[in-house]
Amino acid sequence: NENLKAAPASSPYNLSEYFKQFVFPQNECELHNFRLSFSQLKWDKWIIAPHRYSPQYCHGDCPRAVGHRYGSPVHTMVQNLIYEKLDPSVPKPSCVPAEYSPLSVLTIEPDGSIVYKEYEDMIATKCTCR
Amino acid sequence: PHARGRGGLDEAPASLEAPEGAASELNPVLQLPQGVRQGYAPLPPLLKVLSDRGPQRWDSEVPRLQPDSRALRYMKRLYKMSATKEGIPKAHKGNLYNTVRLLTPCLECRHRHRDLVKGDVHSVDLLFNLDRVTALEHLLKSVLLYSFDTSVPTSSSITFICHLSIKEHDSASQVCPSISHSLAFSLHFEVRKRKWVEIDVTSFLQPLIATNRRNIHMAVNFTCLMGDPQRSTKLEDPVNGTLVPPSLLLYLNDTSEQAYHGWNSLKHGMKSPVQARQRNSPLVDLTGDKGKGNSQGKRASRQRR
């Protein structure tokens with residue numbers, strides 16, 4: 328109610344403008360699917376398995392109220408404030424992976440030996456704003 | 029320095045040998061100062077190709093020897109047991125390995141003679157090159173992998189009474205190899221096509237790999253009889269097909285940053301491989317004092333204190 332008093336007597340247009348700042352961005356930061364096969368990279372001669380690999384990726388705008396939704400540190404909100412109030416050349420917080428899962432790969436080495444290896448951090452599973 | 033040890037920079041693609049000036053535009057990894065680069069553990073091929081700018085190079089320029097088809101079939105089966113279709117490692121209990129290497133012998137001379145008493149003796153001299161094993165990969169278990177490609181009808185079940193003696197050729201001195209390891213055992217199984225027989229040779233290889241040996245040269249005698257030991261064993265050729273020279277299978281724990289240490293994550297509350305090893309009674313118990321009763325352990329440590 329106070330906001331309404333504070334808000335100028337306005338046409339519906341200004342009112343919607345005014346509330347826009349509280350709406351979450353349409354393309355909010357989130358995890359997106361991406362699937363590739365090693366044959367597309369022409370590496371299937373030496374990468375035997377898996378045939379398909381889904382590394383996923385993070386994309387989207389970081390809303391201002393990032394804290395509870397993304398587990399972002401307070402620094403992210405400070406950086407947002409700097410960008411908005413002090414210096415627009417400082418970049419807004421970015422949408423990046425926060426957690427990963429490993430990938431098992433079966434490859435043929437140059438000497439003809441075969442190796443099974445489990446690599447850390449090969450598939451993004453969660454996004455955050457930093 | 030350990031990068032020089034095994035599978036190190038001497039194996040690396042030509043770009044690593046580029047003159048210093050050229051290094052900077054080649055590859056971000058190469059912008060490391062010389063000293064750091066020397067100590068830089070060699071990246072496994074997959075990560076090397078991901079960090080290189082010229083992935084297509086890997087496809088065309090790096091010649092690859094094609095592995096034995098049986099070996100490939102075995103490793104595909106191991107992959108299916110260890111990971112899902114999407115390539116996610118299965119949380120299988122007990123094994124600490126995050127790397128398994130299958131090496132085929134780069135040199136083998138076979139001898140075969142029939143011994144009326146012992147039966148059919150197959151002996152092969154094998155040379156395995158360990159350059160691909162990095163200094164950060166610790167051996168957990170090693171296995172000689174025999175495959176029998178037999179034409180024996182699948183219904184028959186036979187018993188192999190086998191004697192495996194492994195001698196390590198010390199290339200420095202040409203004296204006759206000392207028998208470092210021998211074991212006798214009997215195997216009884218239904219013979220199906222392409223049957224695998226895994227023979228654990230960990231205790232033999234452990235000291236050799238721990239001393240950064242880059243080549244392992246061994247003579248292996250594999251004597252088999254066919255038939256039931258109780259009755260007279262017929263000295264038939266136990267395998268009508270060929271006894272394929274064995275491959276060497278190494279189960280390793282890669283301790284590098286890029287390798288996945290499922291058991292080590294804080295989630296599992298494990299702090300170090302030793303704890304995990306002691307708790308998970310792994311493939312190989314390297315501590316040798318498995319389960320000797322905690323009280324004894326405590327008393328001993330109290331006395332020591």
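Order-wise, the sequence lines are chains A and B. So in the numbering used here the end of the first sequence lands on 457, straight run, no missing numbers. So in the numbering used here the end of the second sequence lands on 333, straight run, no missing numbers. Using N, Cα and C, we set each Cβ at its ideal position, and we do this for glycine too.
Query raised in the report: Thinking C-beta only, is D153 (chain B) closer than 7 Å to A247 (chain B)?
Result: For the purposes of this step, residue 247 (chain B) is taken as residue 219 along the second sequence, with counting starting at 1. For the purposes of this step, residue 153 (chain B) is taken as residue 125 along the second sequence, with counting starting at 1. Yes, the pair counts as a contact, with Cβ atoms nearer than the cut-off.
Requested in this report: Tell me, please, whether the CB atom of Y288 (chain B) is closer than 7 Å to any CB atom in chain A?
Outcome: In the second sequence, the residue the question calls residue 288 (chain B) occupies position 260. Interface residue, yes.
Requested in this report: Assign I409 (chain A) to one of three DSSP states: helix, strand, or coil.
Outcome: Looking up residue 409 (chain A) in the first sequence gives position 82. Residue state, collapsed to three classes: helix.
Query - Residue interval of the beta strand (DSSP E) (run including S440 (chain A)) - result: For the purposes of this step, residue 440 (chain A) is identified with residue 113 of the first sequence, where counting begins at 1. Taken as a continuous stretch (DSSP letters only), S440 (chain A) belongs to no beta strand (DSSP E), as it is neither H nor E.
**Report entry** Where the alpha helix (DSSP H) through A99 (chain B) begins and ends
**Finding:** Locating residue 99 (chain B) in the second sequence gives position 71, where the first residue counts as 1. Segment S97 to S110, the alpha helix (DSSP H) holding A99 (chain B).
Query raised in the report: For K372 (chain A), which of B:L93, B:K76 and B:N281 has the nearest alpha-carbon?
Result: The residue given as residue 372 (chain A) occupies position 45 in the first sequence. Taking only the C-alpha atoms, the option nearest K372 (chain A) is B:L93.
Query raised in the report: Between the beta-carbon of E426 (chain A) and the beta-carbon of Y288 (chain B), is there less than 7 Å?
Result: Looking up residue 426 (chain A) in the first sequence gives position 99. Looking up residue 288 (chain B) in the second sequence gives position 260. Contact: no.
Requested in this report: Leaving out five residues on either side along the sequence, give the residues of the same chain with a beta carbon under 6 Å from the beta carbon of S428 (chain A).
Outcome: Position 101 of the first sequence holds residue 428 (chain A). Closer than 6 Å at Cβ, skipping near neighbours: I450 and T452.
Query raised in the report: Using a C-beta to C-beta distance shorter than 9 Å, which residues of chain A count as neighbours of L106 (chain B)?
Result: Taking the first residue of the second sequence as 1, we reach residue 106 (chain B) at position 78. By Cβ distance, chain A contributes L433 and Y443.
Report task. State yes or no: is the beta carbon of M298 (chain B) nearer than 7 Å to at least one beta carbon in chain A? Result -> Taking the second sequence and counting its residues from 1, the one referred to as residue 298 (chain B) is at position 270. Note that M298 (chain B) has pLDDT 39, beneath the 50 cutoff, so the model's placement of it is unreliable and the number below is only indicative. Chain A, which has no Cβ nearer than 7 Å to the Cβ of M298 (chain B), makes this no.
Query raised in the report: If the cut is a Cβ gap below 9 Å, which residues of chain A does D228 (chain B) touch?
Result: Against the second sequence, residue 228 (chain B) aligns to sequence position 200. The contacting residues do not exist; D228 (chain B) stays about 18 Å from chain A at best.
Report task. Would you verify that the beta carbon of Y427 (chain A) is, or is not, closer than 7 Å to some beta carbon of chain B? Result -> Translated into positions along the first sequence, residue 427 (chain A) becomes position 100. Not closer than 7 Å to any Cβ of chain B, the Cβ of Y427 (chain A) fails to qualify, so no.
Query raised in the report: So, helix, strand or coil for A247 (chain B), using DSSP?
Result: Working through the second sequence from its first residue, we reach residue 247 (chain B) at position 219. Of the three classes helix, strand and coil, the one that applies to A247 (chain B) here is strand, per DSSP.
Query - Expected contact under 8 Å - CB spacing of F164 (chain B) and S284 (chain B) to nearest Å - result: Numbered from its first residue, the second sequence carries residue 164 (chain B) at position 136. Numbered from its first residue, the second sequence carries residue 284 (chain B) at position 256. One point to set straight first is that residue 164 (chain B) is Leu, not Phe, in the sequence displayed. Their Cβ separation, rounded to whole angstroms, is 4 Å, which keeps L164 (chain B) and S284 (chain B) in contact under 8 Å.
Report task. Reducing DSSP to helix, strand and coil, say where D380 (chain A) ends up. Result -> Mapped onto the first sequence, residue 380 (chain A) falls at position 53. In the sequence as displayed, the identity of residue 380 (chain A) is Tyr instead of Asp. In the structure shown, Y380 (chain A) sits in a strand (DSSP, three-state: E or B).
Query - DSSP three-state assignment for V161 (chain B), whether helix, strand or coil - result: As a position in the second sequence, residue 161 (chain B) is number 133, starting the count at 1. It is coil, neither helix nor strand.
Report task. Determine the direct distance from the alpha carbon of K118 (chain B) to that of T112 (chain B), and round the result to whole angstroms. Result -> As a position in the second sequence, residue 112 (chain B) is number 84, starting the count at 1. As a position in the second sequence, residue 118 (chain B) is number 90, starting the count at 1. Distance between the alpha carbons of T112 (chain B) and K118 (chain B): 7 Å.
Requested in this report: Give a yes or no on whether 7 Å exceeds the smallest Cβ distance from L167 (chain B) to chain A.
Outcome: What you label residue 167 (chain B) is simply residue 139 of the second sequence in a count that begins at 1. L167 (chain B) does not count as touching chain A.
Query raised in the report: So, P382 (chain A) versus G115 (chain B), is the Cβ gap smaller than 7 Å?
Result: Here residue 382 (chain A) corresponds to residue number 55 of the first sequence, with the count starting at 1. Here residue 115 (chain B) corresponds to residue number 87 of the second sequence, with the count starting at 1. The answer is no: Cβ separation not under 7 Å.
Query raised in the report: Any Cβ of chain A within less than 7 Å of the Cβ of A40 (chain B)?
Result: Residue 40 (chain B) sits at position 12 when you count from the first residue of the second sequence. Because the pLDDT of A40 (chain B) is 40, which lies under 50, any placement of that residue in the model is unreliable, and the question is left without a value.
**Report entry** Test: E436 (chain A) CB closer than 7 Å to a CB of chain B
**Finding:** Position 109 of the first sequence, counted from the first residue, corresponds to residue 436 (chain A). So yes, E436 (chain A) belongs to the interface.
Report task. Express the C-alpha separation of L342 (chain A) and W370 (chain A) in angstroms, rounding to a whole number. Result -> Start at 1 with the first residue of the first sequence, and residue 370 (chain A) comes out as number 43. Start at 1 with the first residue of the first sequence, and residue 342 (chain A) comes out as number 15. Going from the Cα of W370 (chain A) to the Cα of L342 (chain A) covers about 56 Å.
Requested in this report: Count the other C-beta atoms from every protein chain shown that fall within 10 angstroms of the C-beta of Y443 (chain A), then say buried if there are 16 or more, exposed otherwise.
Outcome: In the first sequence, residue 443 (chain A) corresponds to position 116, counting from 1. The residue is buried, with at least 16 neighbouring Cβ atoms inside 10 Å.
Query raised in the report: With a CB to CB cut of under 7 Å and the five nearest residues on each side skipped, what residues in its chain are close to G33 (chain B)?
Result: Residue mapping note: residue 33 (chain B) aligns to position 5 of the second sequence, counting from 1. Here the model assigns G33 (chain B) a pLDDT of 40, short of 50, so the residue's position is not dependable and the matter cannot be decided.
Query raised in the report: What whole-angstrom Cβ distance do I374 (chain A) and F361 (chain A) have, given they're in contact under 8 Å?
Result: To locate residue 374 (chain A), count along the first sequence from 1; it is residue 47. To locate residue 361 (chain A), count along the first sequence from 1; it is residue 34. So it is not a contact: roughly 17 Å between Cβ atoms.
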